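Asks: Those protein sequence lines, which keep their order, are chains A and B.
Per the numbering used here, the very first residue in the first sequence carries number 892; after that it's consecutive.
Per the numbering used here, the very first residue in the second sequence carries number 20; after that it's consecutive.
To start, I am sharing the structure in question, which I have written as structure tokens.
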Amino acid sequence: MAIEARLGRGLRAHVDAPEAVNVHGDTVRDALACLIALHPELRRFLLDDAERLRPHVNVFINDEQLSDRTTLSDPIRDGDRLHILPAVSGGSQ
Amino acid sequence: MTNTTEAGLLVSTRKGLLIARSNGGRRDWDWSELLFGGWIIDYAVRNPRNGTIWCAANHWQWGARLHRSDDDGASWTEASTPAFSDGERSLQGVWTIEPGVEDGVLYAGTMPAALFKSSDDGASWQELSALTNHPTNGRWEPGAAGLMFHHLGVDQTDPDRIVAAGSATGTYVSYDGGDSWHQRNGGIRADNMPPEMQDVTPCIHSLHAHPRQRGRLWQQGHFGQYRSDDDGEHWIEVGPDLPGEFGFASAIDPNDPDVCYYVPLDFDQARMPRGGALKVFRTSDAGATFRELSDGLPQAGFHQAIYRQALGQDGADPLGLYMGSSGGQLFASNDGGERWTLLRTNLAPITAVRAWTMT
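In structure tokens, the structure reads:
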């Protein structure tokens, strides 16, 4: 059993990656590291050069929004779905 | 007069990049499709040393990127992007790229305000931290677009001399390749600061170091147009009679150090041409007098700005000038600004225009 990382359509418009990727880990940080290891081109879309989650990237664990955006310490378990979605932002763009 | 055989244009917009090509007449242009559609192009420039085109793309969700093309824009490769190593700052955008003197040397001005150098044609970048750590940096103040270095002058005869200007950082000059920097703002007005702090960190909107006269700088500032003959130790205000001290864009003629072009905008509370009339002004005598150049430009109802990188010149004689507006209009002149034609409309806001010619 694994954690299913699901990539939003807005993200997949820029990156050649499937909608769902099986990843492993005990925290969101672990899962994102696993995801980036499988699809390295995702790194620059998800993280800035200080390795922080980009401010307009939202992460949900099932139906709960990530609570720790700084260290990504939220725990996850096998069977969870990790939704990685671009925020509804950019109204002035 | 230059025997120009080919001309090129890079038009950066807030929705992508356009490339155009023309023959020496520079009247009819062949346009590319929109490249990097949906991405904000902060800047694009062609390195005259090797023909590489650099494109600084940005996206409010996905961050800043650099792309390069070694085949005139037919194909692109995502390049290494300047990155901060302190774990605190993160790159918000690349606002300018300038080639150095030696092969493979490039400089990039970024937001947040920093200057990066590459010695391997963009494969890797190192921050020139002596500028970032200058004792005056505590006074740097972001403008409406952020805090960044957006104009660089890299002396093509002296690799150690670099001029860097930003908003709102003021002007800095290095004579040792970036190992140390001198702040150079003498004589600049700064109505946003108390009288005793006028030359601390004025907001520079565009700045050019003339390639043929060492020490000759031109700038459009937040509060006035200026010339310097000594690398910015002393600035002389040249445009008090222009219709607006404010403005973003300016351009030099690389063939004549006494020539500079400005696009004045009404004062900083308006930021559009006075009376809705778009006018370019040229001095040919080092700022003593200015000539209005408005033939072919809209003279009523023009409520747009010309952004800081959006007046480009192609270096030919007669000089080609290319001016993009915040409303997505692109104007061009192939005779030094005497007559203008409208090349494109309905583009996204134009952030930068850079041009080149070949002989």
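Note that beta-carbon positions come from the ideal geometry of N, C-alpha and C, so glycine has one too.
This one's a predicted model, so the numbers in the text were calculated from it and none came from an experiment.
1) Among residues of its own chain, excluding the 5 on either side of B/F300, which ones have a beta-carbon nearer than 8 Å to its beta-carbon?
2) Using a Cβ-Cβ distance cut-off of 8 Å, determine whether A/F936 contacts chain B.
3) So A/P966 contacts chain B; which residues on that side make the cut at Cβ distance below 7 Å?
4) How far does the beta strand (DSSP E) with A/R903 in it extend, from its first residue to its last?
5) Output the distance between the C-alpha atoms of B/P67 and B/E256, rounded to the nearest integer angstrom.
6) Does the stretch 35 to 52 of chain B come close enough to the stretch 104 to 120 of chain B to have 3 or more Cβ pairs within less than 8 Å?
7) Just the chain B side, please: which residues come within less than 8 Å of A/R943 by C-beta, in chain order?
8) Using a cut-off of 7 Å between C-beta atoms, extract the partners of A/H905 located in chain B.
9) May I have the straight-line CA-CA distance separating A/R920 from B/T151, to the nearest angstrom?
10) Does any residue of chain A have a CB that is nearer than 8 Å to the CB of B/A102?
11) Taking C-beta to C-beta, are B/L171 and B/A187 nearer than 8 Å?
12) Give a yes or no on contact between the stretch 354 to 370 of chain B and the stretch 23 to 41 of chain B, applying the rule of three or more CB pairs nearer than 8 Å.
13) Interface residues of chain A around B/F106 at Cβ under 7 Å?
14) Given this structure, state the Cα-to-Cα distance separating B/D198 from B/F135, to the nearest angstrom.
15) Just curious, the alpha helix (DSSP H) that A/R934 is in, first and last residue?
16) Contact defined as beta carbons within less than 8 Å: I believe B/V124 pairs with B/S143. What is the distance between those atoms, to the nearest angstrom?
17) Using the Cα positions of B/D91 and A/R968, report the straight-line distance between them to the nearest angstrom.
18) Looking only at its chain, what residues have a beta carbon closer than 6 Å to the beta carbon of B/S193, apart from the 5 residues adjacent to it on each side?
19) Would you mind telling me which residues of chain B sit closer than 8 Å to A/V948, beta carbon to beta carbon, in chain order?
20) If you compare alpha carbons, which of B/M377, B/G331, B/D105 and B/R233 is closest to B/D179?
21) Identify, in the order they occur along the chain, each residue of the same chain with its Cβ nearer than 6 Å to the Cβ of B/R45, setting aside the five sequence neighbours on each side.
22) Taking Cβ-Cβ distances shorter than 9 Å, what residues in chain B pair up with A/P977?
23) I need the boundaries of the alpha helix (DSSP H) containing B/L150, first residue and last residue.
24) Output, in chain order, the set of chain B residues within a Cβ distance shorter than 7 Å of A/S980.
25) The beta strand (DSSP E) spanning A/V950 covers which residue range?
Replies: In this structure, then:
1) What you label residue 300 of chain B is simply residue 281 of the second sequence in a count that begins at 1. Once the five neighbours on either side are set aside, the close Cβ partners of B/F300 are G258, L261, Y280, Y281, V282, P283, F309, R310, E311 and L312.
2) Mapped onto the first sequence, residue 936 of chain A falls at position 45. Cβ-Cβ to chain B under 8 Å: yes for A/F936.
3) If you number the first sequence from 1, residue 966 of chain A lands on position 75. Correct list: empty, because the minimum Cβ distance to chain B is about 24 Å.
4) Counted from its first residue, the first sequence places residue 903 of chain A at position 12. Segment R900 to R903 is the alpha helix (DSSP H) holding A/R903; no beta strand (DSSP E) there.
5) Residue 67 of chain B sits at position 48 when you count from the first residue of the second sequence. Residue 256 of chain B sits at position 237 when you count from the first residue of the second sequence. The alpha-carbon atoms of B/P67 and B/E256 are separated by roughly 32 Å.
6) Verdict: no, contact absent.
7) Locating residue 943 of chain A in the first sequence gives position 52, counting from the first residue. Those are S109, listed as they occur along chain B.
8) As a first step, residue 905 of chain A is located in the first sequence; it is residue number 14 there, counting from the start. Those are W81, listed as they occur along chain B.
9) In the first sequence, the residue the question calls residue 920 of chain A occupies position 29. In the second sequence, the residue the question calls residue 151 of chain B occupies position 132. Annotation: A/R920 to B/T151 spans about 31 Å, alpha carbon to alpha carbon.
10) As a working note, residue 102 of chain B is residue 83 in the second sequence. Interface residue, yes.
11) Taking the second sequence and counting its residues from 1, one reaches residue 171 of chain B at position 152. Taking the second sequence and counting its residues from 1, one reaches residue 187 of chain B at position 168. For B/L171 and B/A187, no; Cβs fall outside 8 Å.
12) The stretch 354 to 370 of chain B is in contact with the stretch 23 to 41 of chain B.
13) Here residue 106 of chain B is taken as the residue at index 87 of the second sequence, counted from 1. In the sequence as presented, Phe is not what sits at residue 106 of chain B; that position holds Gly. Under the 7 Å cutoff, chain A gives A941.
14) Taking the second sequence and counting its residues from 1, the one referred to as residue 198 of chain B is at position 179. Taking the second sequence and counting its residues from 1, the one referred to as residue 135 of chain B is at position 116. The alpha-carbon atoms of B/D198 and B/F135 are separated by roughly 12 Å.
15) For this step, residue 934 of chain A is matched to residue 43 along the first sequence. Where A/R934 is concerned, the enclosing alpha helix (DSSP H) stretches over R934 to L937.
16) The residue you call residue 124 of chain B lines up with position 105 of the second sequence. The residue you call residue 143 of chain B lines up with position 124 of the second sequence. About 12 Å; that fails the 8 Å criterion.
17) Residue mapping note: residue 91 of chain B aligns to position 72 of the second sequence, counting from 1. Residue mapping note: residue 968 of chain A aligns to position 77 of the first sequence, counting from 1. When the Cα atoms are used, B/D91 and A/R968 turn out to be separated by approximately 50 Å.
18) One-based indexing of the second sequence puts residue 193 of chain B at position 174. In its chain, beyond the 5 residues on either side, I181 and W200 have a beta carbon closer than 6 Å to the beta carbon of B/S193.
19) Here residue 948 of chain A corresponds to residue number 57 of the first sequence, with the count starting at 1. What A/V948 touches in chain B: Q80.
20) Within the second sequence, the letter at position 160 stands for residue 179 of chain B. Comparing Cα-Cα distances from B/D179 to each of B/M377, B/G331, B/D105 and B/R233, the minimum goes to B/R233.
21) Walking along the second sequence from the start, residue 45 of chain B turns up at place 26. Counting only Cβ-Cβ distances below 6 Å, and skipping sequence neighbours, we find A26, G339 and N353.
22) Here the question's residue 977 of chain A lines up with position 86 in the first sequence. Those within 9 Å of A/P977 in chain B are Q80 and W81.
23) On the second sequence, position 131 is the one that residue 150 of chain B refers to. S148 to T151 is the span of the alpha helix (DSSP H), which, as asked, contains B/L150.
24) Numbered from its first residue, the first sequence carries residue 980 of chain A at position 89. By Cβ distance, chain B contributes W79 and Q80.
25) Residue 950 of chain A sits at position 59 when you count from the first residue of the first sequence. Bounds of the beta strand (DSSP E) holding A/V950 are V948 to I952.
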